[in-house]
Amino acid sequence: MYNYPMKKILIAVSSLVIFSACHDKRDRYAKPVIPLGGGIGGNYSIVVFPRLHDTGVIARIFIKYASNTAPSDTNSYDMAKTSVTATGKEPQVHFDSLYTGTYFIRAIYGAAYADTIIAIDSKAPAETDAYLHLK
């Protein structure tokens, strides 16, 4: 004879296993949506330190506002600066008066380059440092 209470438990456990295995787990690992926006006129700064082989270098730094992807060429960036060496400090570039938003940054030194994306929100510090290791 069949043990009916045991059969009910077996059906319940089997159903639980099947339904939990079919659950789409992609939502759990999805990257958070980074808000775009940004530009000049705000209260935030990004300081970029270009480095090659762990040494600061004088590089050309490009910034694109409201972007999390690289523009097609360097003419499409919103601003470009060359890093400078302050007394006793390594080469750096300051992008000041930025709004909250997303910024794509590229550093170029000869054939070497490095990219990063920086998202600034209202909880960010007034100044954000970015160390770009050129390759």
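Take 45 as the starting number for the sequence shown in the working numbering and just add one per residue.
Idealized CB from N, CA, C, for every residue including glycine.
Pairing VAL92 with ALA151 gives a Cβ-Cβ distance under 8 Å. Beta-bridge analysis with DSSP links TYR88 to LEU142.
Note on THR99: under 16 other CB atoms within 10 angstroms of its CB, so exposed under the neighbour-count rule. Counting only residues of its own chain and dropping the five nearest sequence neighbours on each side, PRO135 has a CB closer than 8 Å to the CB of PHE93, PRO94, GLY100, VAL101, ILE102, ALA103, SER127, VAL128, THR129. A Cβ-Cβ separation of about 6 Å places ASN87 in contact with ALA170 under the 8 Å criterion.
LEU176 counts as buried, since at least 16 other C-beta atoms from the protein chains shown sit within 10 angstroms of its C-beta. In the DSSP assignment, no residue is bridged to PRO79.
Contact between ILE107 and PHE139 holds, since their C-beta atoms are separated by about 5 Å, short of 8 Å.
Put simply, of THR172, THR146, GLY154 the residue whose alpha carbon is nearest the alpha carbon of ILE161 is THR146. Counting only the Cα atoms, LEU80 lies some 6 Å from SER111. Looking at the DSSP output, LYS108 shares a beta bridge with PHE148.
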